[in-house]
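Using this note's numbering, the letters of the sequence shown map in sequence onto residues 20 to 248.
Even glycine gets a Cβ: it sits at the ideal position worked out from N, Cα and C.
Every value quoted in this text rests on a predicted model; they were computed, and no experiment measured them.
Only one structure is covered here, and it is reproduced in the block below.
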Amino acid sequence: MMLGMGTLYLVRHGQASLGASDYDQLSPLGQRQCQLLGEYWRSQGMRFDAVLCGGLKRHAQSLAAIGVGLRQAVDLPTTQIRPGLNEYDSEALIRSVFSGELERPNSAEAARRHFQLLREGLRAWMAGYTEPAGMPSYAEFSAGVAATLTHVREQAEGHVLLVSSGGPISTALGQILQTPSEVVIDLNLRIRNSAVTEFSFNPKRFALLTFNTLPHLNSAAAAELVSSA
Numbered sequence: 020m021m022l023g024m025g026t027l028y029l030v031r032h033g034q035a036s037l038g039a040s041d042y043d044q045l046s047p048l049g050q051r052q053c054q055l056l057g058e059y060w061r062s063q064g065m066r067f068d069a070v071l072c073g074g075l076k077r078h079a080q081s082l083a084a085i086g087v088g089l090r091q092a093v094d095l096p097t098t099q100i101r102p103g104l105n106e107y108d109s110e111a112l113i114r115s116v117f118s119g120e121l122e123r124p125n126s127a128e129a130a131r132r133h134f135q136l137l138r139e140g141l142r143a144w145m146a147g148y149t150e151p152a153g154m155p156s157y158a159e160f161s162a163g164v165a166a167t168l169t170h171v172r173e174q175a176e177g178h179v180l181l182v183s184s185g186g187p188i189s190t191a192l193g194q195i196l197q198t199p200s201e202v203v204i205d206l207n208l209r210i211r212n213s214a215v216t217e218f219s220f221n222p223k224r225f226a227l228l229t230f231n232t233l234p235h236l237n238s239a240a241a242a243e244l245v246s247s248a
C-alpha cells in the first residue's frame, strides 16, 4: 500500500446531555449508540490503523464506548488528541446574537428556538461579524480542522478513525467539497449522533464516500435509538 492511501471514518459523538448543566457528557443513549457502532464494525472485521479524537469528554467517552463494542479497547492504536477537533461553544455563539434570557432546550419549542438562534450565531461567526466570548475566530477554528486533514493525508494510511463533533466534521466536509458557509451550517445541523462520514484519501486529496450514515442503527428495532441533538 502506498503511504497515505486509506479511508477516514469521521464519527460524531453519541448523544450528549442537551439541556443539562453539563452538555459535555454522554447520555446512556449516547453510550449505547457508540457501543453498537463498535459492535457493527467488529462484525465487519474492522481494525483501525490510527485513531484521532477531540479533547472533549463526550469525544473520549464515545471513543471508549466504540472500543467496548469493538472489543479492541486494548488493541486500538494510541489515540492522538487533536484540539482542532473540539467543538465550538454553542452558548457563546447564541449569546453573540441574542441578549435575552435563554431557556434550556428541554421542550420541543425551546429546542426549536435554541437551534434557530444557533444557526444565526453560526452565520455571524463564520462571516466574521461576531467574536463569541472565549472562542477562536472561525478562520482559526477552520485552520485547526484543516491541519488535522493535512496530517491524515501526509502521515496516515489504512483505516483511520476520527471522533469529533458536528462543527469540525461539517467544516471538514466544507473544505473538501468547497461548499459555501450556509451549506456547512446545514450539514452541521443534520449530522446525527454516532453517525459515520467516510472519505477515501491519498497524499494529494480526499474523496467523499458516505455522509451521516448509521449502519449500526439500520433496523426497525434500532430506529428509536436515532438522535441528533
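Mapping the DSSP letters down to three states, classify residue i as helix, strand or coil.
{"i": "F220", "result": "strand"}
{"i": "T190", "result": "helix"}
{"i": "A226", "result": "strand"}
{"i": "R31", "result": "strand"}
{"i": "G119", "result": "coil"}
{"i": "D41", "result": "coil"}
Going by beta carbon distance, what residues of the same chain come within less than 7 Å of residue i, once the five residues before and after it are set aside?
{"i": "T232", "result": "A214, V215"}
{"i": "I188", "result": "L29, R31, I210, T216"}
{"i": "L136", "result": "I113, V116, F117"}
Taking 8 Å as the threshold (C-beta atoms), are residue j and residue i in contact?
{"i": "L104", "j": "S46", "result": "no"}
{"i": "L112", "j": "I85", "result": "no"}
{"i": "L95", "j": "V70", "result": "yes"}
{"i": "A152", "j": "R114", "result": "yes"}
{"i": "G25", "j": "A165", "result": "no"}
{"i": "L244", "j": "Q52", "result": "yes"}
{"i": "R172", "j": "P234", "result": "no"}
{"i": "R77", "j": "A146", "result": "no"}
{"i": "L27", "j": "L181", "result": "yes"}
{"i": "F67", "j": "H170", "result": "no"}
{"i": "G73", "j": "N212", "result": "no"}
Which residues in the same chain have their Cβ closer than 8 Å to the Cβ of residue i, if we skip the five residues on either side of it in sequence?
{"i": "V87", "result": "Q54, G57"}
{"i": "L89", "result": "G57, E58, W60, R61, M65, L95"}
{"i": "M253", "result": "Given a span of 20 to 248 for the chain in the structure shown, any question on residue 253 remains unanswerable."}
{"i": "Q194", "result": "S161, V164, A165, L168"}
{"i": "A239", "result": "none"}
Could you check how far apart the C-beta atoms of residue i and residue j are, in whole angstroms? I think they sit under 8 Å.
{"i": "F134", "j": "L208", "result": "6 Å"}
For residue i, which residues from the same chain have a beta carbon less than 6 Å from its beta carbon, with the 5 sequence-adjacent residues on both sides left out?
{"i": "L121", "result": "none"}
{"i": "S219", "result": "T26, A226, L228"}
{"i": "T149", "result": "S115, A143"}
{"i": "Q80", "result": "L45"}
{"i": "L82", "result": "C72, V182"}
{"i": "S200", "result": "M145"}
{"i": "L48", "result": "Q34"}
Indicate whether at least one CB of chain D lies closer than 8 Å to the CB of residue i.
{"i": "S219", "result": "The chain labelled as chain D is not found in the depicted structure, where only one protein chain is given."}
Note down, one range per segment and in chain order, each alpha helix (DSSP H) of at least 4 residues found wholly within the stretch 46 to 98. 47 to 62, 76 to 89
Along the chain, which unbroken stretches of the beta strand (DSSP E) at least 3 residues long are found entirely within the stretch 131 to 215? 177 to 183
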